[in-house]
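Reading through the structure tokens given below for one structure.
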Amino acid sequence: MPNHLADSASPYLLQHAGNPVDWYPWGTEAFEEAARRDLPLMVSVGYSSCHWCHVMALESFSDPEIAEVINTYFIAVKVDREEMPEVDSSLMQATLALTGSGGWPNTVFCTPEGEPFFAGTYFPPVARGGQPGLVDVVGALGQAWQQRRGEVVEQAGIIAEQLRQGAEPPAATAPVPPAQDLLDAVGADYDIVNGGFGGPVKFPGPTLIDALLVKGDPTSLDMAQNTCEHLVRGGIFDQVGGGFHRYSTDSQWVVPHFEKMLDGNALLLGTMARCWRRTADHDPDRRELYSHAARRTVSWLEREMTTDDGLLAASLDADSDDLAGHSHEGMYYLWNPDLLVDALGAEEADWLRPLVHIDAAGNFENGLSTLQMRGRVDWKRINTDLDKLLALRQVRPAPDRDDKVITAWNAMAIDSLVEAGMILREWTWVSLAADLAERLWAAHWAGRTPLRTSLHGVPGAPAVAEDHAHLALALAGLAGATGRGVWLDRAVEVAQRAVERFSADDGSFLDAEPSALVAVPSRQLTDDACPSVTATMVKALRRVGLMAERQDLLDRADRASAVLAPVVAQNPRFAGWALADHLIRDDARRGLKPATVVVVEEDEVPGDLASAAWRMAPAGSALVRGKAGTSGFGSWFQDRTDSTGPTAYVCRGTVCLEPVTDFLELKDPLWRRV
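In structure tokens form, the structure reads like this:
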């Protein structure tokens, strides 16, 4: 008997459509069925590129006997965490409260009203290695519901109240520490040898790197540059194909968890470009590393992540098949000395092998290795070799791709393509961003209820706050780079809609509109793989407000920023974009207010002056370029000409500095304190 997932627009849910478990998607039908049958819910949350999600599906959810136990005691609900981040976040908070740790797959048992009472992550099918088996857990909890329901409901009520209290923003018990104290607190967790923070499991942390790049002081800059260098040199970066894997399983960035996510790569693309612009000309080796990572990542986005709709897919799976058809984690990305010889010939393989740290022992399983970039790099030669490896690799069975299009993640890519393209003078990237934006707006936004997801053109989940925040930010950035006022109009529309729909009473932003199905509405104020919704809204409102001369949006950003202040004070390492905003505001108090920089030039392709503006402007600046008389940007182009050639105007508040026509003279007004 088929379950209820066959019509889903989520590849993850479709992977489970043939299970004997009677899965429902998250929604009113599942809750109504739970009420009708007086059964609790077993909610399983995951995503299509998750290795352990696949393992649990194969071991347990495909087993008819285990499925019968689940179907007897529970209404089974499947959630794609990428499709419904607000549900994922709420249930993950419950798992953390109940167990002290979290991850995916996330398995949460709830009352028919959706209040969690028991949770875990991966469960083996039967007890193994001291870990309870899923069949035993389901049976015991099902019997508890039937025989000791009062205790279960009481436990659920206690957890729900804890979650409601935990969802409240921390109180501002003391002033936010000085900027340097916050940066010192971040530095306390810094790995001075390998770059990055914490460990041994390490995430790249692009939002925190962005914060370290704001002021450019030597200590913060070194942490950012060293981390980016180790990321690009490490096995976490796909040296052959470009793009970063999700995280490293070790502190040296050698062996990653191999799934590749659009959101993380989109953010890292922008971070690499910003790190490049903060790195001095006299450090060309580091600069080349960062630009190399950016260029190969863009190539990967175009080659491997573009869907038939011309938008960007969500992720690539961690697992892939060997030539015998057996699935292994990371198989697509691994090499040994013999494979190098097959691709390059013996002589060239001997040259490359020590540079990418390949030996017979391997650093992974069965003598296989990830590639790592070592020492000084002959870029022309090594790129030629990497391209040959890529050609050979494309013969291998590729990992599965989740073709789901996510608004927020595509918007992240649009924003980073614009900024990286302007900084590295790759105008085709800005054109690519514009094409993505046109397609995304038409597919997910124009003339319809805004969408978060779609699959092959089929509408999926509705847009949540994250989608609005990143889309407003990206469209404003695209407007500035292209001089097309229509993008700014759309950014204003999206930002205003977000303020109307997702504002919380205290000035922060909810992850989604309140729903009767979510026991405790999610409001995440710290970052995880992506920046928090409130921090992203602050950044978007500031950019849109400056460019459109909308003081109301700037005031709304200030109000939200104030809610984030105690979060920054308590957890600066886990609030990267909020920390960056605080550091920008600290500079503003010292006279370096965020500027609107207007470059008037006739050519469609940015010239030296526009390039200099994007490369040198302080963080938090709003950058706009266009022809004289360009409309759609408030009064920024009124009475501003380029009669003597391309001209830049730098304005802070009501003060505009003298026009600049020589890009070599632009740094002074950009950084002059008023």
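Each residue of the sequence shown is one higher than the one before, starting from 103 at the first, in my numbering.
Even for Gly, the Cβ is constructed at its ideal location relative to N, Cα and C.
Under 8 Å, do residue i and residue j count as touching if we go by C-beta distance?
i    : j    : result
E270 : F360 : no
D293 : A416 : no
A574 : V588 : no
L656 : S112 : no
R250 : D411 : no
I508 : R379 : no
N367 : T399 : yes
L643 : R658 : yes
V532 : A583 : yes
L315 : R376 : yes
Y149 : E184 : yes
G343 : L492 : yes
P207 : V147 : yes
V278 : V594 : no
A581 : A600 : no
S350 : L236 : no
L772 : V752 : yes
D109 : T309 : no
D555 : A548 : Rather than Asp, the amino acid found at residue 555 in this sequence is Thr. Against a cut-off of 8 Å, the Cβ pair of A548 and T555 comes out as no contact.
L425 : K490 : no
L364 : W511 : yes
V701 : F739 : no
A199 : L265 : yes
A750 : A715 : yes
P302 : D352 : yes
G300 : T321 : no
W543 : R592 : yes
D688 : A281 : yes
Using alpha carbons as the reference points, say which of the options lies closest to residue i.
i    : options                   : result
A697 : K769, V635, A119 and W531 : K769
F211 : L391, G204, G202 and T197 : T197
A719 : S733, K729, F735 and V699 : V699
L519 : W402, L766, R455 and V622 : W402
K641 : D517, V145, G464 and Q245 : D517
V646 : P633, G318 and F735       : F735
V762 : G582, L685, G755 and S745 : S745
A631 : R675, D654 and G609       : R675
D283 : G447, W481 and N673       : N673
R405 : Q496, L685, D286 and L766 : Q496
V479 : L457, R498 and Q195       : L457
Q354 : T381, V295, Q341 and T321 : V295
A794 : R397, H347 and G318       : Any property of residue 794 remains undetermined from this structure, which presents the chain solely from 103 to 776.
L369 : P386, G345 and A221       : G345
Skipping 5 residues on each side, what residues in its chain have a beta carbon closer than 7 Å to that of residue i?
i    : result
S605 : F611
D124 : N105, N173 and A178
D421 : H153, H156, S429, H430, E431 and P501
E331 : G297, R388 and L391
G372 : D517, S518, E521 and A522
V189 : W128, V181 and V620
A395 : V334, F339 and M374
P561 : A111 and L553
L566 : In the sequence as displayed, the identity of residue 566 is Val instead of Leu. Taken in chain order, the residues that qualify are P187, E188, R554, D613 and A614.
Q474 : R335, G336, G337, V356, V458 and H459
Strictly by DSSP, which residues pair up with residue i?
i    : result
Q233 : R230
Y292 : F299
L418 : K362 and R503
H430 : S422
T408 : L414
G747 : S745
S401 : DSSP lists no partner for S401.
V757 : R754
V762 : A750
Please go through the same chain and pick out, in chain order, the residues whose beta-carbon is closer than 8 Å to the beta-carbon of residue i, but skip the five residues on each side of it.
i    : result
F777 : Because the chain in this structure spans residues 103 to 776, residue 777 falls outside the shown range and cannot be described.
R455 : P439, L442 and D461
G559 : D411 and A545
K482 : none
T408 : L414 and A415
W247 : L141, P142, Y175 and V254
Comparing the C-beta of residue i with each C-beta of chain D, is any distance below 8 Å?
i    : result
A242 : The question asks about chain D, but that chain is absent: this structure has only one protein chain.
Residues in its own chain within less than 6 Å of residue i by CB, not counting five upstream and five downstream?
i    : result
A313 : G678, L681 and A682
M325 : Y292 and L314
P166 : P122
T743 : A730
A513 : H572, L573 and A576
Which residue spans inside the segment 127 to 171 form an unbroken alpha helix (DSSP H) run of at least 4? If we require 4 residues or more, the alpha helix (DSSP H) runs fully inside the segment 127 to 171 come out as 130 to 139 and 153 to 158.
Please list the segments of the alpha helix (DSSP H) lying wholly inside the segment 541 to 626, counting only runs of 4 or more residues, in order along the chain. Unbroken alpha helix (DSSP H) stretches of 4 residues or longer found wholly inside the segment 541 to 626: 567 to 584 and 587 to 604, given in chain order.
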